[in-house]
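Protein chains in written order, with my numbering: chain X, 12 to 489; chain B, 12 to 489; chain P, 12 to 489.
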């Protein structure tokens, strides 16, 4: 059978067997000769198709994580008082806006630019956008997703960490503080720790397992929140003279619930999107599944523990349990089996409940329990990876080794603990310095009178709910 | 022209014609010999690319359907009273959490595991995750999407059915009832009917057309809601002594509207995602389009009919019309033409309006009209498929045949009717048994005093809206 | 080396080199002869895979843009008064439903059907759905995404333009007006201008750069809003006898903030989805990035300018700044560098602030500032493209040339200005005619008494917030 004959066979099969054959024949340079009237569209290569698929997946993930700003706005507004609601919701958009500019200019380069073990020294102003493939971000080169999408995805993470931090400022910090701290956190705090773990820094070299940022995103934000809530001191009316604490309930549980569901679905982008790839036989789906199962367990466990402890099934406690489980599974989602994810989530829900009680009693007024939910659960999640990581999954991800319960001894657990301590200490010190300086220069807290009338009026000049506040006998604006 | 010559031609064309050729040549084993210095990156195969695309699409669909929990939380909270709002919203998260654990452990295996014509007997605890391709779920093997994502997608459906069921419990059921019923519905009710239709059971063998679950998801949930609302009896104040009914308006139409829009977009995942594939020249897009057009028609038809009937364009009626249309097009979305989708949606909006009035007058206090919206429209949608299914689309989907109006006679319609009757009878009996047992053991309904103060206080100890309720002269907590 | 020998080599390599080879051999028709026992699954071609990827991306984008209806419902409800909240939110669903039917029947054909330079004359009732590839929409043929998805995407855009228009009707138009205007805008206004720019019309021929519709969608909707707000006259209580204006604050900033975040993420679909493709090395990601950076700049700039001007950092002004930046970057997102996007967004936030003040003082009561936010910023964004478009990006997109600041002279800027003037004049005249006719036949505005009790009661018979309004001493229904 000659090649020419076989080409005639092709001709009759060409509709059924598709464009690949045409391509092949073009490669031989025979096509134009034999079928001069046929014009073939240029087909995409497998590499181009793979880039496109991964780009769609990571873009979807980035959108979901940016949407988490709505989750935080609703959860924080719902968990605080009506007189501060407009302020709380509005400042979320403001600080994400500031974060975006600062992260574009400086933060992204510090975090993911090539540099040393402590910070990146290239890639400021997100260089390399024109030449997507060859940008100066070695730590992100494992994925072919273009830099524009990688930037949005990483910006969304920085924005989440910052939103967590601001939980500790709620109901009493001055508006200018949000401006200054947003810039400094985005420029000199968050990207440094991100570089350590994800940008090729010293914790990456040690093999720390923090898949989507229990430590990088959550513990960091929570540590800054803890420093803020301590420096700002408790809200007026929170503690009595005998040091017993009063409940200051949030004004709208429906908004809080909506916020938490938005965060739940946002976390599918957060964790499963951190693959930066849709290939690998659906590994991102496995991660979405561990994430979901941990969260379900956290919801149920936290509600039950509050029921046993308070005698009432407390909804805010359940919402904290959902978030704590999400935070805890963030480090481990790609490293653990499903049953372990359920254990990690349930334990997170329970320890967060008790630590929230403990901080409240200890005189730390953390209005939305930012440190318990994102800090304690962040520590637990990071350590839990060192307990439950399976050798197969660690190999698949390509980071670190098996956890204590899977024959890895204390090696991985030790690295995890070192990462937790390092990140906590760094953020504690830096946040303390930054906030102390802000306190010195512009002050941190509004006046007593301003706090009593509420930040909607004091910082923005109008209530967030003017009609409802007016009905309560207050004037609608100052 | 020799093969060797042609390979030299290839060499000069290699940049333009892409990596496919390289692959081809690697297959010949000649590459290393002829071009020893060239290194080729391992390219993804078409099968791997297809799996990745389908996985991204079904993951997106799963996220949209899970987000529907927010839709139900908002719609149900907005459609009930302020004193129950925190409870209604919060229990949505709780019951989805319970459902996730129960469906993972048992329900998914019963529904989609290989087994007999009535239920699956393999795949409990979602086995086969490590070896994505070879899992024990024959009924899902038509799609190459990995099991983790298929599980999340199917879990989201079970969660929707459960959320519908709980509509019938609103404003008077005790919290423990939600725990127990959530487990039993997820384990012994929902997966059985799902197996019948989607898991290779007896209705699948007959060729029942229920593309995304008008019967499997909606009629099932609604039937449980009907049993619950009858067993629980009407809310205090709903009916007068002369059996006339009072309107108990929902407290927040804005939240209801937001909930309905979330459900609308969630349904693109629900219906179009049920292809479990993004291939097929965009067939999922066609399904999204029929879904959208039916819904638009349902919205307009229901608003107009309420305007004619009440003299006022009633917004809750319109919202019910939107949902009824979505429910009705769920079975038929892949089987019918666009004009038929519009008819199905409009009719759903109208019959749901009148049946809601009828049930209200008949003394059935279904607070969010769960049975009219999801049950009656579910029946209509399932039967409508037997009327409007085109032979081309039935063949494309590969399930059943043409409907009555397209020359299929009464055959398909009969199967649809049989499916409706079978599912309704099964769920009616099982729900009655389950709820009667719960009633016997722990009781179904809160006390009269608890119902009057509201479930936020009675079941959870604090109002969902503490400041607003306090202004109305009520204490913020018990 | 004979072909037969090489086929034996293939046989031994067949597992490693993947399915492409099998396909190739099937093409030769030799497979059955040589390996009669092997059955090969049919692999997808690169073209099919590309279609699937693009379809998933554009479907996601369509869902995001349809979700923007929730954004508008929340923003508009939050920015108006409690007595109108149910009406404002509910009518959003109603008008999107009407728009969907009208756009399916007529609008889509006028806009994208093949025709002349002014409107399309084919494709009514979205013909060609069965044969996805060969539909009668030449202007959309650059993308292989199937018509069903293209229709949904374009419908979502028409729905956004209509929602913007209705901003000008807020708090005083009669419900029937919404019905009639929704049909006429969708049928005879929006699709004409869309055809000019995107459907192969005269502005397309001139090379106007309006990537996602600063003019087509936003300026159009805003111009209709301006005509409406002028014809409807100011709300009762807005202006004093001395022509000074009173602030009528919106009732719920938390809902407004949520609405704006939904719009922000929806815009990733709006702008980046307008590529109608996920290929091109992630160009859609670059567009998402310029969109995001402009928006961040708009938020910060608008808050700062309000702070300087009012002495208070005004949240509604910031929200307007976010939207104005989004509107402005809509035309230019694909044509400009990131730094230019930041400038465009910041300038949009500032000019929208001042023009909103100016219209308010000039006696134009535009309740949600629709013309300032979508009109002025739409003009600015369209002109800005003529200033900042780079030659490389203009070539990449394939529309128009470089802007004034990149060596293009006034040519492109002139075309942009012509497009703005043409669209503005056309919509101004058409809207004026349409609304004047409606005014003549059914009237535009509710009675004074109806406006005072609110549109929830007057148009729908119940409050959107019955319990809260009742507490304020008003009866819950009429």
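Glycine included, each C-beta is placed from N, C-alpha and C at the ideal position.
Check                                                                                                          : Outcome
Cβ neighbour criterion (16 or more within 10 Å) applied to residue 21(P)                                       : Its pLDDT being 35, under 50, residue 21(P) is placed unreliably by the model, and nothing is read from it.
Contact list for residue 200(P) against chain B, beta-carbon separation under 7 Å                              : Result: empty, since nearest Cβ-Cβ is about 19 Å, beyond 7 Å.
Limits of the alpha helix (DSSP H) - the one that residue 406(B) falls within                                  : 402-408
Below-8 Å beta-carbon distance, residue 477(X) vs any chain B residue                                          : no
Paired residues, beta bridge with residue 317(P) - DSSP                                                        : None, per the DSSP bridge assignment.
Cβ separation of residue 344(X) and residue 223(X), assumed to be a contact under 8 Å, to the nearest whole Å  : 6 Å
Element boundaries [alpha helix (DSSP H), containing residue 77(P)]                                            : 57-89
Chain B contacts made by the stretch 57-75 of chain P, where a contact means CB separation under 7 Å           : 59, 60, 62, 63, 64, 66, 67, 70, 71, 74
Contact list for the stretch 306-331 of chain P against chain X, Cβ threshold 7 Å                              : 307, 308, 310, 311, 314, 321, 323, 324, 325, 326, 329
Option in 276(X), 160(X), 138(X) with minimal Cα separation from residue 73(B)                                 : 276(X)
From 321(B), 393(B), 291(B), residue whose alpha carbon lies closest to that of residue 365(B)                 : 321(B)
CB of residue 457(P) within 8 Å of CB of residue 183(P), strictly                                              : yes
Those residues which DSSP pairs with residue 256(X) across a bridge                                            : 250(X)
Simplified DSSP state of residue 37(P), which is helix, strand or coil                                         : Model confidence at residue 37(P) stands at a pLDDT of 39, short of 50, so the residue's coordinates are unreliable; what they give is reported in the following sentence. The answer is helix: DSSP assigns residue 37(P) an H, G or I state.
Run of the alpha helix (DSSP H) containing residue 202(B), from where it starts to where it stops              : 201-209
Residues near residue 202(P) by beta carbon distance below 6 Å, same chain, minus five either side             : 118, 121, 122
Through-space distance from residue 416(X) to residue 331(P), alpha-carbon basis                               : 54 Å
Cβ neighbours of residue 134(B) in the same chain (closer than 8 Å, five flanking residues each side left out) : 119, 120, 123, 124, 125, 146, 147, 148
Alpha carbon of residue 386(P) to alpha carbon of residue 61(P), nearest angstrom                              : 37 Å
Contact list for residue 108(P) against chain B, beta-carbon separation under 7 Å                              : 307, 310, 311
Closest by C-alpha distance to residue 425(B), when choosing among 264(B), 394(B), 234(B)                      : 394(B)
Enclosing alpha helix (DSSP H) for residue 190(B) [first to last residue]                                      : 186-195
Member of 87(B), 467(B), 411(B) whose CA lies at the smallest distance from the CA of residue 400(B)           : 411(B)
Buried or exposed by the 16-neighbour rule on C-beta atoms within 10 Å, applied to residue 515(B)              : Because chain B here runs from 12 to 489, residue 515(B) falls outside it and cannot be looked at.
For residue 221(B) and residue 282(P), the rounded distance between their alpha carbons                        : 36 Å
Cutoff 8 Å: residue 355(X) Cβ touching any chain B Cβ                                                          : no
Proximity test, Cβ basis, 8 Å: residue 222(P) and chain B                                                      : no
Contacting residues, own chain, Cβ-Cβ under 6 Å from residue 367(B) (five flanking each side not counted)      : 380, 383
Assigned secondary structure, residue 126(P) (DSSP; H/G/I helix, E/B strand, else coil)                        : strand
Beta-bridge partners of residue 108(P), as assigned by DSSP                                                    : Paired residue(s): none; residue 108(P) is not in a bridge.
Buried or exposed (CB count within 10 angstroms, at least 16 for buried), residue 319(B)                       : exposed
Own chain, CB closer than 8 Å to residue 153(P), minus 5 neighbours either side, in chain order                : 287
4 or more residues per run - each alpha helix (DSSP H) lying fully within the stretch 357-425 of chain B       : 388-399, 402-408
Chain X residues whose Cβ lies nearer than 9 Å to that of residue 333(P)                                       : 104, 108
Contact the stretch 355-365 of chain P vs the stretch 236-251 of chain P: 3+ CB pairs below 8 Å                : no
Rounded straight-line distance, which links the Cα of residue 163(B) to that of residue 41(X)                  : At residue 41(X) the pLDDT is 37, less than 50, meaning the model places this residue with poor confidence; the figure from the coordinates comes in the next sentence. Roughly 49 Å separates the two Cα atoms.
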